[in-house]
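Here's the structure, in structure tokens; my notes come after.
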Amino acid sequence: MSVEATPVQPGSVVLRLDNQAARALVRRHYLRWWETLPWLAAAAFYFAFPAYLGFGTALLITILFALSLDLALGYAGIVTLGHAAFFGAGAYTVGLLAFHGIWTEPITSLLLAAIAAAAIGLASGLVLLRTQGLTLLMLTLCTMALLQEAANMAHNYTGGFDGLPSLDIAPLFGKFEFNPLYPDTQYLYTLAILLLCFTFIRALVYSPFGQSLTGIRENLLRMHAIGAPVRRRLVVCYTISAAIAGIAGGLWAQTNAYVNLSALDLDRAATVLIILILGGYGRLYGAFIGAVAYLALEHFLARVYPTAWQLGLGLLLVIVALYTRNGILGLGEVLWRRYRRAAK
Amino acid sequence: MSEIRLETRALARQFGALVAVQAIDFKLAAGARHAVIGPNGAGKTTFINLLTGALPPSLGCVFLNGKDITHKSQAERVKLGVARTFQINRLFRGLSVLENVCISIAERVGVAPAMFYPIGRRTDVIDEAMDLLQVLKLAGDAANRVSELPYGRQRLVELAIAIGLKPQVLLLDEPAAGVASAESHIILGAIERLPQDMAVLIIEHDMDVVFRFAKRVTVMVGGALFAEGSPREIEANPQVRAVYLGQTGHG
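Given below as structure tokens:
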């Protein structure tokens with residue numbers, strides 16, 4: 008792995024890079040102005056809706072969870088319906104440590120949550136990623152079900168069905184309490200972790216490694232034929248994705264101050280999948296848009312029509328699946344391209 | 004004769020009771036332009052799969068530059084210098100032409116596992132990819148998504164990905180398959196411009212392609228080598244005409 012890349016200033020591009028495509032590839036990782044929008048919106052939300060910070064925190068955690076799935080599903084093409092396994096592993100790591108009074112410092116707890124989830128991701132990935140398609144889908148589902156049942160049966164430690172209530176999380180930096188009534192610490196803390204993880208994921212998907220993941224997604228057999236160690240790449244990607252899902256789970260446990268079996272539920276795994284498909288997978292910001300769309304929809308539809316709000320969600324999903332290949336963001340890209348073409 | 008790049012000894016592969024390839028002794032020298040022809044089901048593609056390591060042989064050995072590579076994996080053989088193209092396109096369809104080639108070059112130069120700097124920093128890789136596209140007259144399509152290209156140009160990308168690996172031995176599985184004959188000259192032109200010392204093996208049905216490209220021709224029938232010789236000798240061989248050339252109407 009050679010890391011002695013020569014940094015290129017935008018002005019010093021060599022002759023062959025005159026080509027538009029080459030220039031686009033050289034500049035692909037440059038930060039665009041609109042990429043600051045989600046973060047400005049998140050900051051604005053903090054000041055504009057102090058009463059909704061609990062909802063906002065849940066939203067940020069969902070975004071992080073969806074991002075972790077995007078890395079595995081959207082970039083590497085790993086079809087999984089069991090991503091809550093890692094979310095739950097992270098949540099229970101934080102929960103068990105705090106409930107039994109072993110470790111309550113939030114940031115290091117998150118790190119441990121990431122490590123625990125990564126370990127499960129690595130161990131299961133080494134086995135699962137030999138398979139593809141439906142087999143893989145079923146096996147990821149099974150892994151999650153096994154973990155959930157294990158958490159259910161070990162009720163002496165995990166509280167079983169009742170979960171671990173009223174976790175005692177130490178104040179952040181020894182100073183900022185996680186107050187359940189005024190969750191502004193939780194919100195800012197979650198936002199900071201999300202920004203950190205996002206920066207990492209963004210760097211990863213624009214790296215040569217990220218490019219080879221998209222190669223695996225687009226044509227697995229060809230990647231073998233050009234000599235790529237496909238399975239190793241997939242396992243590495245899956246492990247990283249699991250670690251990030253574990254961080255999301257850990258945040259969930261810390262900010263809610265409880266853990267229960269719903270962390271490992273199929274419902275959670277399916278929801279994050281729906282969010283990613285709704286928003287658009289394999290494009291980073293799909294996770295943001297999908298999570299906002301889903302939670303906003305849930306919020307408002309549930310108010311208008313509490314018994315059958317999922318009907319509205321179902322309809323939206325049908326529309327997205329039928330008419331847009333890549334979710335809301337994909338639809339936006341198509342419209343933008345048409346607009347550009349028309350403007351020419 | 005120049006040095007032998009690829010060699011097989013008594014190479015065979017069975018699928019259950021079906022003998023797809025049997026006892027093939029074959030040599031490919033540096034700079035070779037060698038065609039393998041034969042009727043459908045003669046085992047040509049299986050033979051390529053055995054050479055690349057996509058399939059393990061039932062019997063026999065494969066040597067590259069005199070070293071036994073029979074038990075090397077597909078990926079290891081690529082690193083040692085054996086690359087191939089596919090009869091049916093295997094491209095990164097959702098990505099641009101440039102990215103398709105970059106993925107292959109990044110893999111060859113060992114950049115691909117790098118996680119912490121963007122691919123855009125590796126202008127050496129992108130430069131080389133652009134050069135290659137220029138040679139194949141694909142530079143104009145560099146920004147286009149592969150799935151949006153006409154089929155003939157997609158076949159060129161198929162070729163470009165393999166050439167990006169800078170192989171010593173290049174195995175082409177019907178490179179002009181599915182391309183209208185009016186367009187096949189583009190592909191043939193590209194093949195003719197391959198580096199002189201590269202050993203090239205081509206499987207082809209189209210006799211015009213074979214006779215234009217190949218200096219040696221091997222005929223496979225029923226999984227075994229049936230005849231070998233210069234294109235003229237093969238064309239004149241009455242047995243070959245009987246089993247193959249006569250049937251296809253290319254003659």
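One line per chain: the protein sequences are Y and P, in this order. Those letters in the first sequence? Residues 8 to 351, per the working numbering, in order. Those letters in the second sequence? Residues 4 to 254, per the working numbering, in order. Ideal Cβ positions, reconstructed from N, Cα and C, are used throughout, including at glycine.
- L101 (chain P) and M133 (chain P) have their C-alpha atoms roughly 7 Å apart.
- Not a single CB atom of chain Y sits nearer than 9 Å to the CB of L54 (chain P).
- Contact of R34 (chain Y) with chain P by beta-carbon distance below 8 Å involves G123.
- A Cβ-Cβ contact shorter than 9 Å links P116 (chain P) with P215 (chain Y).
- Contact annotation for T246 (chain Y) against chain P: no contact, minimum CB-CB distance about 12 Å [criterion: below 9 Å].
- Per the DSSP secondary-structure output, S99 (chain P) pairs in a beta bridge with P:R148.
- One Cα belongs to R35 (chain Y), the other to R124 (chain P), and the distance between them is close to 10 Å.
- Each of Y:A294, Y:S116, Y:A125 and Y:V325 was checked against the Cα of A177 (chain Y), and the nearest Cα belongs to Y:S116.
- Pairwise C-beta distances place the region 108–128 of chain Y out of contact with the region 263–280 of chain Y, as fewer than three of them are shorter than 8 Å.
- With 16 or more other Cβ atoms from the protein chains shown falling within 10 Å of its own Cβ, W259 (chain Y) counts as buried.
- One Cα belongs to I85 (chain Y), the other to T221 (chain Y), and the distance between them is close to 11 Å.
- In summary, the residues of the region 79–97 of chain P whose CB is separated from some CB of chain Y by less than 7 Å are V81, K82, R87, R93, L94, F95, R96 and G97, in the order they occur in the chain.
- When only Cα atoms are considered, G56 (chain P) and D77 (chain Y) end up about 33 Å apart.
- Here the alpha carbon of F295 (chain Y) sits roughly 7 Å from the alpha carbon of G286 (chain Y).
- Contact between the region 86–96 of chain Y and the region 63–78 of chain Y is established, with three or more Cβ pairs separated by less than 8 Å.
- Looking only at P:P121, P:R96, P:V112 and P:Q90, the smallest Cα-Cα distance to F207 (chain Y) is reached by P:P121.
- If you look at E238 (chain P), you'll find it in the alpha helix (DSSP H) that goes P234 to A239.
- With respect to the 9 Å criterion, D176 (chain P) and I40 (chain P) are not classified as neighbours on the basis of their beta carbons.
- Rounded to the nearest whole angstrom, the C-alpha separation of V85 (chain P) and D71 (chain P) is 13 Å.
- Taking 9 Å as the CB threshold, R344 (chain Y) stays off the interface with chain P.
- Below the 7 Å Cβ cutoff, chain Y contributes L211, S214 and F216 as neighbours of M118 (chain P), in chain order.
- For the pair L271 (chain Y) and L154 (chain Y), the CB atoms are nearer than the 9 Å cut-off.
- Residue burial is scored here from C-beta neighbours: K218 (chain P) has fewer than 16 other C-beta atoms within 10 angstroms and is therefore classed as exposed.
- Inter-residue distance for F183 (chain Y) and Y194 (chain Y) is about 12 Å (C-alpha atoms, whole angstroms).
- With fewer than 16 other Cβ atoms from the protein chains shown falling within 10 Å of its own Cβ, E6 (chain P) counts as exposed.
- Beta-bridge partners assigned by DSSP to K70 (chain P): P:L67.
- Sorting P:L14, P:F214, P:L9 and P:L141 by C-alpha distance to the C-alpha of G226 (chain P) places P:L14 at the top.
- Burial of M201 (chain P) is indicated by the presence of at least 16 other C-beta atoms within 10 angstroms of its C-beta.
- Under a 10 Å Cβ-count criterion, T165 (chain Y) is classified as buried, with 16 or more other Cβ atoms of the shown protein chains found around its own Cβ.
- Between L171 (chain Y) and the set Y:L201, Y:Q261, Y:T142 and Y:A92, the nearest pair of CA atoms involves Y:Q261.
- Looking at the backbone, the Cα of I205 (chain P) and that of I284 (chain Y) are separated by about 43 Å.
- For D200 (chain P), there is no enclosing beta strand (DSSP E), as DSSP gives it neither H nor E.
- Assigned with DSSP and collapsed to three states, K218 (chain P) falls in coil, not helix or strand.
- The Cβ atoms of S219 (chain Y) and R238 (chain Y) do not sit closer than 9 Å to each other.
- One thing to note: L273 (chain Y) has its Cβ no nearer than 9 Å to the Cβ of N159 (chain Y).
- Not a single unbroken stretch of the beta strand (DSSP E) spanning 3 or more residues falls wholly within the region 155–201 of chain Y.
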